[in-house]
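Structure record follows, encoded as structure tokens.
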Amino acid sequence: MFEQMRGKLLAIQEESRAAGAHQSLSSVVYNEMRALIMQGKWTPSSRLPSEAELCKQFNVSRPVVRQALAALRDDGLVLSRQGSGSFVQPGVVPAASEPQVQFPPLTSVADLESFLNFREGIEGEAAAIAARRHTEAQLQTLREVAARLGASASLAEGDYEFHRAVAAASGNPFYLNSLESLRSHIMFGLGITWTFGAGQGDFQRTVEAHHGAIVDAIAVRDADAARDAMRRHLQWARAKLMTGQFPGDGL
Amino acid sequence: MIAISSFDVQSGKSCFEFRMGIEGEAAAAAARKRSAADLVTLRDIIGQMEELQHNGQPGLNEDFAFHLGVARASHNDYYVSVLQSLKATIFEGMLYARTTSGLKTVEKVAAINEQHRLVLDAIVEQDADAARAAMRGHLLRCRISTNHWHLA
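Each protein sequence line maps, in turn, to chains Y and B. Residue numbers 343 to 593, in our numbering, belong to the letters of the first sequence in order. Residue numbers 12 to 163, in our numbering, belong to the letters of the second sequence in order.
Pasting the structure below:
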């Protein structure tokens, strides 16, 4: 894919040398519009902005816009209706979105150690961004998911859903994508932790208190506090898992 | 200046934000866990980029190799796998940054090399906080340079 991109840009540079600026500009605009269609930003059957609007949007002249639209019509991506404007073809299928982040499987306790370290890092950062950028709706969802811990199919499940909801509240698809890709890893660790914790009376209450502290920090938009609360929670959970204890249990 | 909207600018910005978090942590871990061999590798890569800088070349592969090298120096495969998964997206971002910025390639690469050096220095000193800050600062500058990509 990188090779295609580089190929395209080199081709544009070639064109501008051979044919003059006018032609290469329309190639670039054509590629921009094509990307908007393939990413699903201009949806199938929807009407494109007017030529005047497109000139403004891409900061180019009308002939450049017209040439780009003609190329899109040739591709079969766009059709023009006399007097109505241009439309994205109904049958266009947008390309896949962001790449999935892939993680190595857990094959040893050493892997588990690395993974738990990694969780602290990534989830601390996700919490910080969630603090800065969450919407009211995302905060509401987060509160609901936190409250549902005890009501889930399993406590491990409910715990995972909370951590996933924090990643969702960051508004950054890479964090959410990562938490979803790591679901089986996280569930593996949580399965053990909750099994060990089952016999310990206030384990669930402590987890709920930790989750509450994370939500509170996110709610007041304190990124540093959110990061700290998340990291402390994960450090506590990891110490519980690995050693059975944590000095000064709780927060 | 032509308005660039493809490469999904929003996704590019999200990716930089994500990388700031992840690679900051990876750099901190590298400061704590790095071996002598890791330091040699990282110094070599910076050396290669400085060579390329003098020749006015962008050094994309070497730039990525540096970031991957820092992740490897953490001795935590999870940081390494993130970068490897995102390799194509990272290269797209680097390519666009180098072809669309107003700066000459030589100036851009010089700035990047300087920022990479700060990261390496902190890792050599085993200063986790400084390594994190240096890596975040570097990626933040990269992210800021995408602000001239006008959103459609």
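Note that beta-carbon positions come from the ideal geometry of N, C-alpha and C, so glycine has one too. In this text the structure is predicted, and so the values were computed from the model without any measurement.
Look up residue i in the DSSP assignment and give the residues it is bridged to.
i, result
"residue 451 of chain Y", "Beta-bridge pairing links residue 451 of chain Y to no other residue."
"residue 422 of chain Y", "Y/428"
"residue 461 of chain Y", "Answer is none; residue 461 of chain Y lacks a bridge partner."
Using the three-state DSSP reduction, which class does residue i fall into: helix, strand or coil?
i, result
"residue 389 of chain Y", "strand"
"residue 582 of chain Y", "helix"
"residue 105 of chain B", "helix"
"residue 548 of chain Y", "helix"
"residue 96 of chain B", "helix"
"residue 139 of chain B", "helix"
"residue 524 of chain Y", "coil"
"residue 399 of chain Y", "helix"
"residue 476 of chain Y", "coil"
"residue 147 of chain B", "helix"
"residue 587 of chain Y", "coil"
"residue 573 of chain Y", "helix"
"residue 68 of chain B", "coil"
"residue 88 of chain B", "helix"
"residue 485 of chain Y", "helix"
"residue 364 of chain Y", "Note that residue 364 of chain Y scores a pLDDT of 44, beneath 50, so its modelled location is shaky; the value from the coordinates is reported in the next line. If DSSP states are grouped into helix, strand and coil, residue 364 of chain Y belongs with the helices."
"residue 371 of chain Y", "helix"
Cutting at 6 Å between CB atoms, please list the residues of its own chain near residue i, excluding the five before and the five after it.
i, result
"residue 363 of chain Y", "Confidence at residue 363 of chain Y is low in this model, with a pLDDT of 45, below 50, so its placement is unreliable and the value that follows should be read with caution. Counting only Cβ-Cβ distances below 6 Å, and skipping sequence neighbours, we find nothing."
"residue 52 of chain B", "80"
"residue 528 of chain Y", "502"
"residue 571 of chain Y", "555, 556, 559"
"residue 396 of chain Y", "407"
"residue 149 of chain B", "126"
Assuming residue i is part of the alpha helix (DSSP H), what are its boundary residues?
i, result
"residue 58 of chain B", "47-65"
"residue 446 of chain Y", "Premise fails: residue 446 of chain Y is in no alpha helix (DSSP H) and is neither H nor E."
"residue 124 of chain B", "116-135"
"residue 384 of chain Y", "Residue 384 of chain Y -> no alpha helix (DSSP H), and no H or E assigned at all."
"residue 76 of chain B", "71-84"
"residue 505 of chain Y", "497-511"
"residue 637 of chain Y", "Residue 637 of chain Y lies beyond the range of chain Y shown here (343 to 593); nothing can be said about it."
Which same chain residues end up closer than 8 Å to residue i when comparing Cβ atoms and leaving out the 5 residues on each side of it in sequence?
i, result
"residue 586 of chain Y", "538"
"residue 28 of chain B", "154"
"residue 25 of chain B", "none"
"residue 474 of chain Y", "563, 565"
Residues in the same chain with beta-carbon distance under 7 Å from residue i, minus the five sequence neighbours each way, listed in chain order, please.
i, result
"residue 85 of chain B", "37, 40, 41, 44"
"residue 87 of chain B", "40"
"residue 392 of chain Y", "427"
"residue 141 of chain B", "133"
"residue 76 of chain B", "56"
Touching or not, the region 114-129 of chain B and the region 143-154 of chain B, by the rule of three or more beta carbon pairs under 8 Å? Output reads yes: the region 143-154 of chain B touches the region 114-129 of chain B.
Pair every Cβ in the region 482-494 of chain Y with every Cβ in the region 505-517 of chain Y, then say whether three or more of these pairs are closer than 8 Å. Yes, they touch.
Would you check if there are 3 or more beta carbon pairs closer than 8 Å linking the region 21-41 of chain B to the region 63-72 of chain B? Flag = no, the region 21-41 of chain B and the region 63-72 of chain B do not touch.
Segment contact flag, the region 517-533 of chain Y with the region 543-557 of chain Y, C-beta cutoff 8 Å, min 3 pairs: The way I'd put it, the region 517-533 of chain Y doesn't touch the region 543-557 of chain Y; fewer than three beta-carbon pairs between them come closer than 8 Å.
Does the region 53-60 of chain B touch the region 405-419 of chain Y, meaning 3 or more C-beta pairs lie closer than 8 Å? Taking 8 Å as the limit for Cβ pairs, the verdict is that the region 53-60 of chain B does not touch the region 405-419 of chain Y.
With a threshold of 8 Å, are at least 3 pairs of Cβ atoms found where one atom belongs to the region 89-101 of chain B and the other to the region 443-450 of chain Y? Yes: at least three Cβ pairs fall under 8 Å.
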